[in-house]
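*Asks:* Chains G, X, A, W and B, in that order, give the protein sequences. Our numbering puts the first residue of the first sequence at -2, with every later residue one more than the last. Our numbering puts the first residue of the second sequence at 507, with every later residue one more than the last. Our numbering puts the first residue of the third sequence at 28, with every later residue one more than the last. Our numbering puts the first residue of the fourth sequence at 62, with every later residue one more than the last. Our numbering puts the first residue of the fifth sequence at 223, with every later residue one more than the last. Note that CB positions come from ideal geometry on N, CA and C, so glycine has one too. From a predicted model like this one, the values you see are computed outputs, not experimental measurements.
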Amino acid sequence: MSVSVRAIELNTSPHFKAATSTDAIMLNVVYALIPVCAFAVFTFGLSAFLLILTAPLACVLTEHFFCRIAGKESTVGDYSALITGILLALTLPPSLPLWMAAVGGFVSIALGKTLFGGLGQNPFNPALVGRAFLQAAFPVAITTWSPALWPSVWSTDRFSHVLLPTLSLPFMKAETAAGYIHPLSVDGFSGATPLTMMKFEHVNTSFSSLFFGMTPGSTGETSAFLILLCGAYLMYRKMMDWRIPVGVISSAFLLSALFYALAPDKYPPPFFTLCSGGMMLGAVFMASDMVGSPFTPRGVWIYATLIGAVTVTIRVLGGLPEGIMYAILLGNAMTPLINLYTQPRVYGTHRELRNK
Amino acid sequence: MSQTSLLFIFIDSFIINNIVLMVFLGICPFLGVSGKLDTAFRMGVAVIFVLLVSSSMTYGLNLLLIKWHAEYLRIISYIVVIAATVQLVEMFIKKSSPGLFRALGIYLPLITTNCCVLGVAMFQTFREYNFAQSMVFSLGSGMGFTLALVIMAGIREQLNLADVPSIAKGTGIALMVAGILSMAFMGFAGLGTL
Amino acid sequence: MWQFLGSGARKTFSHGVHPPESKELTQAKAIRRLPFAPEFIIPLSQHTGAPSRPIVREGQEVVRGEPIAEAGGFVSVPMHSPVSGVVKKIGLARDVRGGMSPAIFVRQYPGASQEILYGTHVDVDTMTPAEIVKAVQNTGVVGLGGAAFPTHVKLAVPEGKNVDTIIVNGCECEPYLTTDHRVMLERAGDMYEGIRIVKRAMGAERVIIGVEHNKLDAVERLRQCKPANLDVTIEIVEAKYPQGAEKMLAKALLNREVPSGKLPIDVGVAVFNVATLSQIGELLPRKQGLIERVVTVSGPAVQHPGNYLMALGTPLRFVLEQVGFSKTDAQLILGGPMMGTTVGSLDVPVTKGVTGILAFPRGDSRLARDEKVYACIKCGSCVQACPIHLNPSTLGLLARKQEFDTMVESFHLMDCFECGCCSYVCPSNIPLVQHFRVAKSVVRDRKASAS
Amino acid sequence: MTADVQQAVPPVKVDSGNSLHMVGVMTGVGTICGLLIVVVYQLTLPAIQHNQATIVRESVFEVIPKAQSQAILAVDDSGTLTQLESPEGTLPKLFAGYSHSGELLGVAIEGSGRGYADVIRVLYTYSPEKKAIIGFKVLDCRETPGLGDKIIADAAFQENFKELDVKLNAAGDAPANAVVTVKHGTKALPWQIDAISGATISSKAVGRILNDGARRFVPLIEKNLDMITKAGTK
Amino acid sequence: MNETKARSDDMNVLLNGLWKENPVFVQVLGMCPTLAITNSVKNALAMGLSVIFVLVMSNALVAMVRKIVPKQVRIATYILIIATFVTMVDYIIKAVSIPLYKALGAFIALIVVNCIILGRAEAFASKNTVWKSILDGFGMGIGFTFALLCLGSVRELLGSGTLLGVNVLGSSFEPWVIFLLPSGGFLTLGAWLLLFGFWRERKMRIKADKEATS
Ligand SMILES: Cc1cc2nc3c(=O)[nH]c(=O)nc-3n(C[C@H](O)[C@H](O)[C@H](O)COP(=O)(O)O)c2cc1C
Ligand SMILES: Cc1cc2nc3c(=O)[nH]c(=O)nc-3n(C[C@H](O)[C@H](O)[C@H](O)COP(=O)(O)O)c2cc1C
Ligand SMILES: Cc1cc2nc3c(=O)[nH]c(=O)nc-3n(C[C@H](O)[C@H](O)[C@H](O)COP(=O)(O)O)c2cc1C
Ligand SMILES: Cc1cc2nc3c(=O)[nH]c(=O)nc-3n(C[C@H](O)[C@H](O)[C@H](O)CO)c2cc1C
Ligand code: SF4
Ligand code: SF4
Ligand code: SF4
Ligand code: SF4
Ligand code: FES
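#1: Return the chain-ordered list of same chain residues with a C-beta closer than 8 Å to the C-beta of R191 of chain W, the five sequence neighbours on each side being excluded.
#2: May I ask you to check if the CB of S290 of chain G is nearer than 8 Å to at least one heavy atom of ligand 8?
#3: Given that a residue counts as buried once 16 or more other Cβ atoms are within 10 Å of its Cβ, and exposed if not, what is Q294 of chain B?
#4: Cβ of T51 of chain G within 9 Å of Cβ of G102 of chain G?
#5: Does the beta-carbon distance from I301 of chain B to V586 of chain X come in below 9 Å?
#6: Taking 8 Å as the cut-off, is the CB of G407 of chain A close to at least one heavy atom of ligand 8?
#7: How big is the Cα-Cα spacing for N230 of chain W and D273 of chain W?
#8: Pairs of beta-carbons, one from the region 672 to 688 of chain X and one from the region 408 to 419 of chain B, closer than 8 Å: are there three or more?
#9: Just the C-alpha distance for F463 of chain A and C448 of chain A, rounded to the nearest angstrom, thanks.
#10: Just to confirm, are G92 of chain A and L52 of chain A a CB contact at a threshold of 9 Å?
#11: Confirm the yes/no value for this check: CB of Q270 of chain A, any heavy atom of ligand 2, distance under 8 Å.
#12: What three-state label does DSSP hand G33 of chain A in the structure shown?
#13: Does ligand 8 have a heavy atom nearer than 8 Å to the CB of V592 of chain X?
#14: For the candidate residues X:G541, X:F536, X:L531 and X:S519, whose alpha-carbon lies nearest to that of R662 of chain X?
#15: Does the region 269 to 287 of chain G come close enough to the region 510 to 523 of chain X to have 3 or more Cβ pairs within less than 8 Å?
#16: Could you please give the first and the last residue of the uninterrupted alpha helix (DSSP H) stretch that includes I274 of chain B?
#17: Any Cβ of chain A within less than 9 Å of the Cβ of S10 of chain G?
#18: Which residue from W:Q103, W:V243, W:P126 and W:R182 puts its Cα closest to that of Y160 of chain W?
#19: Counting only runs of 4+ residues fully inside the region 119 to 207 of chain A, write out the alpha helix (DSSP H) ranges in chain order.
#20: Please write down, chain order preserved, every residue whose beta carbon lies under 7 Å from a heavy atom of ligand 7.
#21: Please state whether the Cβ-Cβ distance between T206 of chain A and A302 of chain A is less than 9 Å.
#22: Check the Cβ of Y578 of chain X against every Cβ in chain W and list those closer than 7 Å, keeping chain order.
#23: Since A338 of chain A is in the beta strand (DSSP E), which residue starts that stretch and which ends it?
#24: Relative to chain A, which residues along the region 100 to 132 of chain G have a C-beta separation below 7 Å, given in chain order?
#25: Kindly list the residues whose CB is nearer than 8 Å to the CB of P62 of chain A, restricted to its own chain and excluding five residues on each side of it in sequence; keep chain order.
#26: How is the alpha helix (DSSP H) around R570 of chain X delimited, first residue to last?
#27: To the nearest whole angstrom, what separates the beta carbons of R87 of chain A and V114 of chain A, a pair I think is in contact under 8 Å?
#28: Using a beta-carbon distance cut-off of less than 8 Å, what residues from the region 247 to 264 of chain W approach chain G?
#29: Below 9 Å between beta carbons: does that hold for F299 of chain A and N196 of chain A?
#30: Exposed or buried, what is S688 of chain X when buried is set at 16 or more other beta-carbons lying within 10 Å of its beta-carbon?
#31: Consult DSSP for L142 of chain W and reduce its assignment to one of helix, strand or coil.
#32: Using a cut-off of 9 Å between C-beta atoms, extract the partners of L394 of chain A located in chain G.
#33: Measure how close the beta-carbons of I259 of chain B and L326 of chain B come, nearest whole angstrom, since I'm counting them as under 8 Å.
#34: Could you give the residue range of the alpha helix (DSSP H) that holds I267 of chain W?
#35: Around the Cβ of I315 of chain B, are there at least 16 other Cβ atoms within 10 angstroms (buried) or fewer (exposed)?
#36: If we count the other Cβ atoms within 10 Å of its Cβ and call it buried at 16 or more, is D150 of chain A buried or exposed?
What follows is the structure in structure tokens.
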């Protein structure tokens, strides 16, 4: 038998590759976010659905547009812009005018990502850059909340009606606050999230409402349970660094437990801290974005602890009810420094060795 | 927390109303000397040092101006005193610690024309801080300046390895990063007031 | 503490990767001899160091085991004829990298018995260390673990240095390869003899054999036939790539780190591969030369995978014909999938450094090929894989911007030993090791042209 | 520098003549500068004083409805009041407003406190007749435009200060009820301030400023009511 | 002939500061006032006029004394001169309007250390005639004011929907508060620089294309 080989490939080692690739990781994050989105639509209705459509669309179009301008191949295929859009939508209040969500999507990608060179090169979490911009630009609209429409309101009206501000004309003022709840006529909604109630009235919310998401809040942040579940899937698939959520959550828990121990009537209990506001969504899906987080083993813990501690500090001592967004952006800002000062010691460069 | 307590003044000047990101003082060195982490850190230390010395000098000077009813000479005398202080500090360091001079020397003259030194002196005068408050205020401002500068330098060093579009290279991208940092620092607003 | 929980207190180093092992294809297959090829190609530069100098003429008849080339210096070894036959020519032959390099071509006499007629018995116990070094050089043995570094050079401990521990490397951490495994099972006696010789030559106090925990039968066998008068410890280490690298092994077994830019000998350690030692133990007492070695032939495109004893110089084409290889579109790898090299021609011979021949059909899912390269997403997988604790992510970004000086000065580029763990894990498919190889060679060239 | 270049450049002489020249120039320039400053200072001084006085006067008239004349009273540490001619000095000041007929309409008090972004300075009126705060104006605030700065002009918020109860307790040393800011839409008692929704922090800051001021100055005003009433007739 | 040349020379000096060497957009100097007081057109205008005044006056005085000031005390003298005019502006603004003075805050005093002014004294006025120096000061001042207006108008328009306090975008326009905040200042200036960068690059590309075709 004679052997003939037509095409022999020349390649450099290693010739093996681990199976996960970047686009696969991103796609799995999208999968993991789908249940959270579905629950948001279930809770808040049609407006949430439109929001979760608009922001990602704006992100993807922006990314495509800038790739075309730069004459590069479009990079929307790596799904990262899609994630940015979905996460942005999940951090916005359900009743936010869609045009504002589109602005947020544009800012996320343009200012948060493309400007720095695209995927992987952005120092800050793009979705949070977009949200921080919206928060500073439209502070009233972004702190106007609508009630969770389950389990108290079972009417399916929410799937056929939008909240009034959702369809506000571009660049025009949102409909007035009074009209927010109008089409669904929910009684006794105070327009406050568990966090604002805690911060400004010292009213606690029941654990189960918080844990399973029966509270008003940003579109995707309400159900701590679901977020943990979806995060666990990603961690199981080794597509997410478990140390970051664990670090953020435990440092937030410890610090708020300390405050609570000092003055239980003034400060929220630690479980409230963990399950309210954007803590879970931020810790699990946003702090864990590897692009803006350190990659050294010690650095990861420092980063996560910093985020947890800053969040609790802002919530407890600061002027704002919520601080996770700012904490993550600050964590991102510190990342290059953290990386630099926690470089692992290179094999064979022990101090004793060097002295020899 | 009382707004005149030393701790509050420190936190306020350090992060809440960060002198660079919120008050807009010292932007030129913030943009100009933030290319390299090492340089940035040294510049920051030099500024803290000069701020402490110059604000104690201007504090005393202001007392004299008030006593002599010569407040109209405030700007001119402050800037002269600051320039002289920087000169003296430079000479003193050169004599006493050549190592430190080598590290900080070239930054000192630049600091004279850095508006955060005069700005801090002016603010402490307008806010009628006493001596301890003035010192804490200038320490907090100096550290806030250093913090912002060092963060910026870290990010810019990292961006050197990124594909920043050519039209944004340099000052453009630095300003955008500063804008995002400034948004991030907004989270501290109202700290200690509720 | 984590290690304790995770891997049952097996000794190892931190970081590294776990590629699928796929050793079950060949690990149970006893060593079998491959038939002699009609023609052999013996490159003069099969080892690290100076090429050997031919001592035969074209047309000269040679006997199996006869020296046909002498050492070209101290860091060099002689060559011996793998078959009885005639020197067809001395000229250029294709090498693995696709270039041409000098070699001796020997045509087999079809009817020859191929008995080894060469060699006499020598008494090792009466030899001085210097005589052993010379004798090892004469056997032509080089590192059979893959690097092909002349073994006698390692044995000659320089003045002022001292080797207290000899590590015998039985890790074989590369996927697919099972030659060391089989050698330990089938040639343990020769190996212990080799250990005795080497220990005497270097005056070492201690010998440790390190074997990965996926070869427990080999451990069992080594324990059984350990000579009573030889003080050897057998240690089980975790099966993890690159456990077999000498730096990692020294760390795992002795918790010693070879200082950056130095050799194991600087921390009193010498590392030898099990096959190297078994050859020394076999050849040196008989004053014979290295003419064959065990090679694992495996991979999905091979019909009869196994561990074959091959005469050095056997052309690849012949090997593949013998083991049954039918594909026309394939990737051939000499060595293991993590560190081996692909070959561009079937006329390349098996040399002293070849540990395995692997054949994969095109499109095999494990192969790194044609994958879309994304930007580095700073996931840190590479940082957590690099056994040297480098920062491949930043090194990769620096390489892209050609910042070679920063790579060397701030990020220890020169400590990278090209194990490939970083490339293996990178989800963005960035060819990190390739970048580092290029960078290192640029830096070396610059240094050379500067001095 | 090479040797011939060094020769080409004449060495700078640092003799006494040169430094005399230096001192001379500096003195000259200094004199000119000093002169310029003093001239401008003198020229602008009346206008500046006028501006400052006007601003204070007008603000006071704004917060004391229908007032026609006013008196400025400084409060020293011991709690005694002295009448001033112009609003200068560092002591806290009260501004009493009088009607055409010289009747005391209210006393304006200046207060300041930390808001969301920076210090908020306000002026508000205590009416001895109604025992309540009846006027309110923000002098200085750097609160977020669109949110916190609603405390300046928001009509609903201003409504709080039409008559905000600060009547004294039986002992007469402090208001009977502390002024507090409550969440938007929950004002129920006359001493509560209804917060602006979306600017709770700024609203609370205003409440705190008023409460601190009332605790300190309302008992003082009530004690010195005669003196204040008379000050208007001077 | 000679006269026209002189006139075009003057024009060059004047235009240099306005565009080619714009202190803010090109030289990146005087950043603090540029960012701090540009949240409305009115403030920008007041600051711009103040800087023009100080620049022209100090340039003139520096040029006058340039021949008699010894090298060692050059900088000290310049600072003295600049501080004088800044003090004058400080008082003039206070005399004109106290609210305006408050809006500009400490930044009037900080004109002293504005690198543009010392920079022009050092780089231009100390080497040129009084007339040229006045022109340079005026050009640079106008350039600075132009930059302030670029920022001020964008920030006021988007941040409050007004220009010079007049409602432009209608009452139902939702203002983008961020443009009035510090971060908006950074972002707006950054955006202008990006825009100029884009123009410059496009011009260069067109030029390169032309050269390639010819
Ligand atoms: C230039 C050079 C000099 C060496 N010198 C010695 C030596 O003096 N002693 C020694 O034990 N090994 C020496 N080595 C061998 C190395 O320690 C090592 O065993 C060899 O490079 C193969 O290692 P590897 O298979 O891990 O890459 C030398 C290697 C090189 C490349
Ligand atoms: C990444 C890497 C992995 C290695 N793995 C092994 C191994 O599994 N087994 C082995 O014998 N040598 C391995 N080596 C080579 C050893 O470092 C060392 O050179 C060898 O054990 C020395 O023995 P030798 O000279 O007898 O071959 C590896 C080298 C590198 C760089
Ligand atoms: C950019 C920004 C600016 C803000 N400015 C103010 C402000 O000036 N005054 C204020 O009271 N709160 C300010 N806030 C705080 C929030 O609006 C806060 O939620 C509010 O004060 C309390 O909420 P509520 O009144 O809806 O209960 C600001 C928040 C952001 C993000
Ligand atoms: C675990 C994980 C979390 C992520 N979180 C974010 C996020 O919070 N915001 C975002 O814009 N992109 C996120 N991404 C997507 C992607 O990393 C991001 O768009 C990059 O920052 C773009 O360079 C995430 C991706 C992964 C795998
Ligand atoms: S010299 Fe002027 S421009 Fe340069 S950094 Fe210093 S202050 Fe900025
Ligand atoms: S060739 Fe491979 S299996 Fe053998 S020692 Fe080297 S890395 Fe391990
Ligand atoms: S190839 Fe080099 S950088 Fe990559 S893991 Fe191995 S030693 Fe580290
Ligand atoms: S593994 Fe690849 S993508 Fe991840 S950090 Fe390293 S180089 Fe970047
Ligand atoms: S540092 Fe240049 S103007 Fe402030």
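*Replies:* Inspection of the coordinates gives the following:
#1: In the sequence as presented, Arg is not what sits at residue 191 of chain W; that position holds Lys. Around K191 of chain W: E224.
#2: no
#3: exposed
#4: yes
#5: yes
#6: yes
#7: 15 Å
#8: yes
#9: 13 Å
#10: no
#11: yes
#12: The predicted position of G33 of chain A is uncertain, since its pLDDT is 39 and thus under 50; a value taken from the coordinates is nonetheless stated next. G33 of chain A falls in the helix class under three-state DSSP.
#13: no
#14: X:G541
#15: no
#16: V263 to V287
#17: yes
#18: What sits at residue 160 of chain W in the sequence shown is Ser, not Tyr. Checking every option, the nearest Cα to that of S160 of chain W belongs to W:P126.
#19: 156 to 166 and 178 to 182
#20: A:C409, A:A412, A:C413, A:P414, A:I415, A:L417, A:P419, A:L422, A:C443, A:F444, A:E445, A:C446, A:G447, A:C448, A:C449, A:S450, A:L459, A:V460 and A:F463
#21: yes
#22: I98 and Y102
#23: G333 to A338
#24: G115, L116, G117 and Q118
#25: Q349
#26: For the record, residue 570 of chain X in the displayed sequence is Leu; it is not Arg. From DSSP, the alpha helix (DSSP H) with L570 of chain X extends over L543 to K573.
#27: The sequence given here places Gln at residue 87 of chain A; Arg does not occur at that position. Q87 of chain A to V114 of chain A, Cβ: 5 Å. Contact.
#28: S258, G259, T261 and I262
#29: yes
#30: buried
#31: strand
#32: E6, N8, H12, F13 and K14
#33: 6 Å
#34: This sequence places Val at residue 267 of chain W; Ile is not what is there. Segment T261 to K284, the alpha helix (DSSP H) holding V267 of chain W.
#35: buried
#36: exposed
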